[in-house]
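Under the numbering used here, read the sequence shown as residues 811 to 1078, first letter to last. Even for Gly, the Cβ is constructed at its ideal location relative to N, Cα and C. Down below is the structure, laid out as structure tokens.
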Amino acid sequence: MKMNSNDISTDYHIHSTFSVDGQDTMEALGWRALALGFSEIAITEHAEWHPRGSGLFDADDYFTEIARCRALFAPQGLTLYSGVELGNPHEFARGASAFLAGYPFDVRIASLHWLYGHNIHDAACFAGREPLDVYADYFAALGHMAGDFSDIDVVAHFDRILWRGTLLGAGFQPQALEGVVRDALATIAWRGLALELNTRLLNNVPTWRPALTTMLRWFREEGGRRVVVNSDAHRVGQMGANFDLAAAVLHDAGLTPATLQPATALAF
Ligand SMILES: [Zn+2]
Ligand SMILES: [Zn+2]
811 MKMNSNDIST DYHIHSTFSV DGQDTMEALG WRALALGFSE IAITEHAEWH
861 PRGSGLFDAD DYFTEIARCR ALFAPQGLTL YSGVELGNPH EFARGASAFL
911 AGYPFDVRIA SLHWLYGHNI HDAACFAGRE PLDVYADYFA ALGHMAGDFS
961 DIDVVAHFDR ILWRGTLLGA GFQPQALEGV VRDALATIAW RGLALELNTR
1011 LLNNVPTWRP ALTTMLRWFR EEGGRRVVVN SDAHRVGQMG ANFDLAAAVL
1061 HDAGLTPATL QPATALAF
């Protein structure tokens, strides 16, 4: 029986200890998902090619462990999908394509983690630049990632640049960049990719929630329908966090939470 306080029983973006910054094992995440009433989750680990990134995880060991956990949780009604979070795959297309070709990942997430050679979570992204220019460059790059790299299913945390920007006091008025933001969202919609509403920081800085809602409305107006609500949890305590807020934001944007149907999922 579902125990969440909303209609969302999926989460396609969760990190286990196979990621350098993941705190809990795949099995521990599975037990927590069951307790929260989830029906399907994806365990998505970081894969980075940027020189400042964390590199790759041991995908052979990962697939051995996910097979064991699938067998453990399937009889209890929980589906575990395999997955990977690719950092800027459009800029490292050769490496990213080779990695994806080697393993049958169910859920392939693309994340814009790097801008101007800096991690988007770092203040260095904004140093010496007008915040509006940074936001414009970020959303333009997001559109390039969605348009240029083909082997992906989800565009993750598309609003993440607002976290550092807001901390720096650089409030974001999406109307000031409506053209460039709409272009990026239209590319995601046109490619048939799912847009992620990432809940990890959703309660952190309420001031950017109106901007997020506006951008989700634009995504719908540009033909986008598939928005997946994901926690991006790096430990069990973060799973399901702020899903009630996400449901409210989606409702305000005129959207409903989508589910993924990974092609490889038909095989099991
Ligand atoms: Zn990320
Ligand atoms: Zn992540």
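Taking C-alpha positions only, alanine 1063 is separated from glutamate 1031 by approximately 10 Å. Assignment of beta-bridge partners to proline 1067 by DSSP yields Val1037. Taking C-beta atoms under 8 Å as the contact rule, aspartate 958 and histidine 900 qualify, at a distance of about 4 Å. With 5 Å as the limit between CB and the heavy atoms of ligand 2, the residues that fall short of it are Glu895 and Asp1042. Taking a 10 Å sphere around the C-beta of tyrosine 913, we find fewer than 16 other C-beta atoms and assign the residue as exposed. Within the model, the alpha-carbon separation for threonine 889 versus phenylalanine 848 is close to 9 Å. Distance from the Cα of valine 894 is smallest, within the candidate group Phe949, Cys879, Phe873 and Ile971, for Phe873. Around the beta-carbon of serine 829, 16 or more other beta-carbon atoms lie within 10 Å, marking it buried.
Of all C-beta pairs linking the segment 991-1004 to the segment 1052-1059, fewer than three are shorter than 8 Å, placing the two stretches out of contact. Using a cutoff of 6 Å, the CB of serine 921 counts as near ligand 1, since one of the ligand's heavy atoms is closer than that. Under the criterion of beta carbons closer than 8 Å, tyrosine 948 and leucine 925 qualify as touching, at roughly 6 Å. In the three-state reduction of the DSSP assignment, tyrosine 948 falls in the helix class.
If only uninterrupted alpha helix (DSSP H) runs of at least 4 residues are considered, those enclosed by the segment 958-1044 are 971-977, 988-1000 and 1019-1031.
Between the segment 1032-1040 and the segment 1006-1013 there are three or more inter-stretch CB-CB distances shorter than 8 Å, so the stretches are counted as touching.
Taken in chain order, the whole beta strand (DSSP E) runs of length 3 or more contained in the segment 863-939 are 889-897 and 917-921.
Taking the Cα of glutamine 1048 as reference, the smallest distance to any Cα among Arg904, His1061 and Asn1013 is reached at Asn1013. A Cβ-Cβ contact shorter than 7 Å links isoleucine 919 with threonine 854. In chain order, Leu1060 place their CB closer than 7 Å to the CB of threonine 1066, counting only its own chain and leaving out the 5 sequence neighbours on each side.
In the DSSP assignment, glutamate 850 is bridged to Thr820 and Thr889.
Of the other Cβ atoms in all chains shown, 16 or more fall within 10 Å of the Cβ of tryptophan 859; this residue is therefore buried.
Phenylalanine 982 and alanine 881 have their alpha carbons spaced roughly 46 Å apart. DSSP, read as helix, strand or coil, puts histidine 954 in helix. Its chain contains Phe982, Val1015, Thr1017 and Trp1018 as the residues whose beta carbon lies nearer than 8 Å to that of threonine 976, once the 5 sequence neighbours on both sides are disregarded; these appear in chain order. It is roughly 20 Å from the alpha-carbon of glutamate 875 to the alpha-carbon of glycine 865.
In this structure, the straight-line span from the alpha carbon of histidine 928 to that of leucine 896 is close to 16 Å. By the neighbour-count criterion, in which 16 or more other beta carbons inside 10 Å mark a residue as buried, aspartate 871 falls on the exposed side. Between serine 921 and alanine 966, the C-beta gap is smaller than 7 Å, which places the two residues in contact.
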